[in-house]
Amino acid sequence: MNNSLPSIRRGPTVWYGPEMEKRKDLWIQHFSDSEIQELEAAAQHVITNKIEIENLFESSFPLPTIGSKLKLLRGQLISGIGFSILRGLPISTYSEDEMATIFYGIGAHIGNARSQNASGHLLGHVRNMGKDSTDPNVRLYQTSERQTFHTDSCDVVGLLCVQPAKEGGLSLLVSADTVFNEMRKRQPDLCQLLLDPIATDRRGEVPEGMLPYLLIPVFNDYKDHISPFYQRQYIESAQRFGDAPRLTEKHIEALDLFDELCNSPDLHLSMMLQKGDIQFVYNHAMLHDRTGFIDHEEIDKRRHLMRLWLSIPGDRPLPEVFSTRFGSVEIGNRGGIIVPGSKRCIPKMSNIIKEIKRK
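Going by my numbering, 187 is the number at position 187 of the sequence shown; the sequence numbering is gapless.
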């Protein structure tokens with residue numbers, strides 16, 4: 001065990017929800033009419049020339065004006081407050097292809113898309129698929145349940161709100177540095193435990209030659225940064241493996257305190273994503289969550305988010321242990337889920353809806 005705790009974190013990554021709620025100017029940016037026209041023109045070029053979305057890069061989705069704004073946003077994610085909302089995209093007027101192309105094209109100016117699951121999805125769909133979270137091979141974004149605070153296996157996660165829920169589905173964010181500081185002050189002995197590796201279930205998405213669980217600390221102290229890695233349900237379900245390190249009573253106490261702090265309204269920020277909102281969250285400084293929700297009866301009106309996992313240039317270094325989940329710790333070329341037989345692809349939203357209707 002590391003017997004000396006890292007120092008208290010300082011800087012823009014340390015923030016408290018009630019204060020951030022008053023500073024929407026820091027994290028909500030509105031598209032101008034000219035920026036929307038530029039995005040639409042770029043998307044139309046891609047669609048007209050039948051360019052496959054998965055082959056889009058910054059160079060093949062030119063944004064002469066808004067491109068510089070997106071680079072500034074990337075810097076805000078890496079070294080600023082760690083999240084942002086882009087608002088005002090009129091997606092109700094777009095076809096599915098236009099919507100997906102614009103979202104993916106914006107993402108290409110932030111970073112490189114990574115596979116989000118064993119199927120190789122580069123553009124994911126977050127919907128309630130009616131699955132049971134007690135199944136150890138089901139991931140929580142496929143349900144309507146509360147997700148709890150967690151990180152994703154990428155540098156940045158991007159979400160496009162295609163359709164909000166009938167009720168609920170709030171997006172929650174909390175600063176990992178703030179949680180670390182509070183935990184360090186309140187119970188440093190428990191904070192210390194979270195600097196050591198803890199088993200996290202891969203939920204059936206196992207790369208070749210790897211264990212069915214990960215061994216990564218919740219708090220990773222490396223090169224002057226504390227980078228979180230966390231999903232409580234998956235930590236608990238990893239205990240199904242007989243050779244996984246056991247959670248002691250003290251570990252459970254530490255995880256409970258971590259969750260208590262994340263869930264405190266004094267620490268986290270909550271927001272309801274509006275239709276057309278694009279949210280970017282930096283996984284190495286933030287944890288995110290989604291409250292449970294109730295859907296509309298009509299399948300076409302049910303909550304639906306498009307999702308990107310991105311690896312971004314100029315990012316912070318990560319310890320080598322992250323390579324067991326990220327495949328590599330090479331900056332700009334890390335993250336995602338690659339398993340035998342997976343193939344990079346862009347699933348259609350309409351096909352996802354058809355699959356639900358068949359059930």
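Cβ atoms here follow ideal geometry from the backbone N, Cα and C, with glycine treated the same way.
At the C-beta level, residue 85 and residue 279 come within 7 angstroms of one another. When the alpha-carbon of residue 195 is set against those of 203, 206, 183, 204, the nearest one is in 183.
The continuous beta strand (DSSP E) containing residue 280 extends over residues 278-282. Here the segment 258-271 makes no contact with the segment 159-167; the two share fewer than three CB pairs at distances below 8 angstroms. Residue 312 has its alpha-carbon roughly 22 angstroms from the corresponding atom of residue 42. Cβ contact annotation for residue 325 (same chain, cutoff 7 angstroms, sequence separation greater than five): 153, 214, 216, in chain order. Residue 200 has 214 as its beta-bridge partners, per DSSP. DSSP links residue 309 through a beta bridge to 157.
Contact check for residue 307 against residue 126 passes: the beta carbons are separated by less than 7 angstroms. Setting aside the 5 residues that flank it on each side, residue 8 is surrounded in the same chain by 181, each with a C-beta closer than 6 angstroms to its C-beta; the list follows chain order. A contact between stretches requires three or more CB pairs, one per stretch, nearer than 8 angstroms, and the segment 286-303 fails this requirement with the segment 108-124.
With contact defined as three or more Cβ pairs closer than 8 angstroms, the segment 200-215 and the segment 336-349 are in contact.
In the structure shown, the three-state DSSP call for residue 265 is coil. The DSSP-derived three-state label of residue 243 is coil. For residue 75, no beta strand (DSSP E) run applies; the uninterrupted alpha helix (DSSP H) run containing it begins and ends at 66-79, by DSSP. Inclusion of residue 221 and residue 12 in the CB contact set at 7 angstroms is not warranted, their separation being larger than that value. Contact between residue 318 and residue 175 is ruled out by a C-beta separation of about 18 angstroms, above the 8 angstroms threshold. An exposed status is given to residue 4, since fewer than 16 other beta-carbon atoms sit within 10 Å of its beta-carbon. For the pair residue 172 and residue 289, the CB atoms are nearer than the 7 angstroms cut-off. For residue 10 and residue 219, the gap between their C-alpha atoms comes out near 16 angstroms. Excluding the 5 residues flanking it on each side, residue 187 has same chain C-beta neighbours closer than 7 angstroms at 257, in chain order. In this structure, residue 82 lies near residue 282, with their beta-carbon atoms less than 7 angstroms apart. Its Cα nearest to that of residue 321, the residue 198 stands out among 261, 198, 159.
Annotation: residue 117 to residue 98 spans about 24 angstroms, alpha carbon to alpha carbon.
Cβ neighbours of residue 80 within its own chain (closer than 6 angstroms, five residues either side excluded): 12.
In chain order, 46, 104, 105, 108 place their CB closer than 7 angstroms to the CB of residue 56, counting only its own chain and leaving out the 5 sequence neighbours on each side.
Residue 148 and residue 263 have their C-alpha atoms roughly 9 angstroms apart.
One thing to note: residue 234 has its Cβ within 7 angstroms of the Cβ of residue 201. In this structure, the straight-line span from the alpha carbon of residue 112 to that of residue 239 is close to 33 angstroms. Nearest in C-alpha terms to residue 92, of all of 327, 237, 276, 349, is 276. A check of alpha carbon separations from residue 74 across 330, 316, 230 identifies 316 as the nearest.
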